[in-house]
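Student: For reference, the structure I am asking about is given below.
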Amino acid sequence: MNEEVELEKGVVTKYRRHSNGGGFVSPKAHVDATAFVASTAYVENGASIGRDAWVGAGSWIDRDAMLGAHAFIGANVHIGAGAVVSDSARIGSHSRIGANARIVAGHHLERDAMIPDNAVVGGTDGSKTRYVRAA
Numbered sequence: 009m010n011e012e013v014e015l016e017k018g019v020v021t022k023y024r025r026h027s028n029g030g031g032f033v034s035p036k037a038h039v040d041a042t043a044f045v046a047s048t049a050y051v052e053n054g055a056s057i058g059r060d061a062w063v064g065a066g067s068w069i070d071r072d073a074m075l076g077a078h079a080f081i082g083a084n085v086h087i088g089a090g091a092v093v094s095d096s097a098r099i100g101s102h103s104r105i106g107a108n109a110r111i112v113a114g115h116h117l118e119r120d121a122m123i124p125d126n127a128v129v130g131g132t133d134g135s136k137t138r139y140v141r142a143a
């Protein structure tokens with residue numbers, strides 16, 4: 009659900025431009041000032057992007073998704089609603105992270121990765137699942 013936000017003087021806005029990169033950010037999202045959001049990227053309401061994170065061109069961070077500090081999102085990536093990309097994780101270009109999926113801190117996904125809804129990548133056993141690629 010994308011909500012528009014009424015600003016002063018009755019003006020309704022759906023997005024504002026992020027100061028670092030110029031990307032489109034919902035007024036109901038939180039993007040750290042040190043994060044970069046490319047000018048053609050979108051961040052939906054309820055999303056949260058941590059310090060020094062990077063969102064590439066054409067990417068879409070869906071509602072209530074969370075990117076941790078130093079997370080890197082390549083170009084043309086969709087991060088599904090409620091998904092979590094933990095600190096220092098890297099998502100390659102043209103990937104899709106499903107709704108409510110979890111990418112554990114420090115894990116790297118190749119370009120074109122397809123992670124299903126509710127999946128967890130990078131188990132809690134300390135294993136090193138470095139790359140996932142679509143079949």
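The opening position of the sequence shown corresponds to residue 9 in the working numbering, with each subsequent residue numbered one higher.
Each residue gets a CB set at the ideal place from its N, CA and C atoms; glycine is no exception.
These figures come from a predicted structure and were not determined experimentally.
Once DSSP output is grouped into helix, strand and coil, what is the label at Tyr50?
Tutor: It is a strand residue.
Student: Check whether chain B comes within 8 Å of His115, counting only Cβ atoms and requiring the distance to be less than that.
Tutor: Protein chains in the displayed structure number just one, and chain B is not present.
Student: DSSP state of Ser34, grouped into three classes?
Tutor: Ser34: coil per DSSP, three-state reduction.
Student: Distance check for His115 and Ala97, CA to CA, integer angstroms please.
Tutor: So the two alpha carbons sit approximately 5 Å from each other.
Student: Give every residue of the same chain whose Cβ lies closer than 8 Å to the Cβ of His102, excluding the five residues on either side of it in the sequence, and list them in chain order.
Tutor: Gly82, Ala83, Asn84, Val85, Arg119, Asp120, listed in sequence order.
Student: Ala116 bridges to which residues according to DSSP?
Tutor: It is His, not Ala, that sits at residue 116 in the sequence shown. His116 is bridged to Arg98.
Student: From Ile123 to Arg110, what does the alpha carbon distance come to, in whole angstroms?
Tutor: Near 9 Å, if we compare the C-alpha coordinates of Arg110 and Ile123.
Student: Does Arg59 come out as helix, strand or coil in the three-state DSSP assignment?
Tutor: Arg59: coil per DSSP, three-state reduction.
Student: Note down, in chain order, each residue of its chain lying with its Cβ closer than 6 Å to the Cβ of Asn126, except the 5 sequence neighbours on either side.
Tutor: Correct list, in chain order: Asn108.
Student: For Gly64, which residues of its own chain have a beta-carbon under 6 Å away from its beta-carbon, when the five flanking residues on both sides are left out?
Tutor: Result list for Gly64: Ala46, Ile81, Gly82, Ala83, in chain order.
Student: Using the rule of at least 16 other Cβ atoms within 10 Å of the residue's Cβ for burial, across every protein chain shown, is Ser27 buried or exposed?
Tutor: Under this definition Ser27 is an exposed residue.
Student: Could you tell me the alpha carbon to alpha carbon distance between Ser67 and Val92, rounded to whole angstroms?
Tutor: When rounded, the distance between both Cα atoms is 15 Å.
Student: Can the beta-carbon of Gly88 be found closer than 8 Å to that of Ile99?
Tutor: No.
Student: Give the C-beta separation of Ala161 and Arg59 to the nearest angstrom, bearing in mind that I take them to be a contact with Cβ-Cβ under 8 Å.
Tutor: A query on residue 161 cannot be resolved here, the shown segment of the chain reaching from 9 to 143 and no further.
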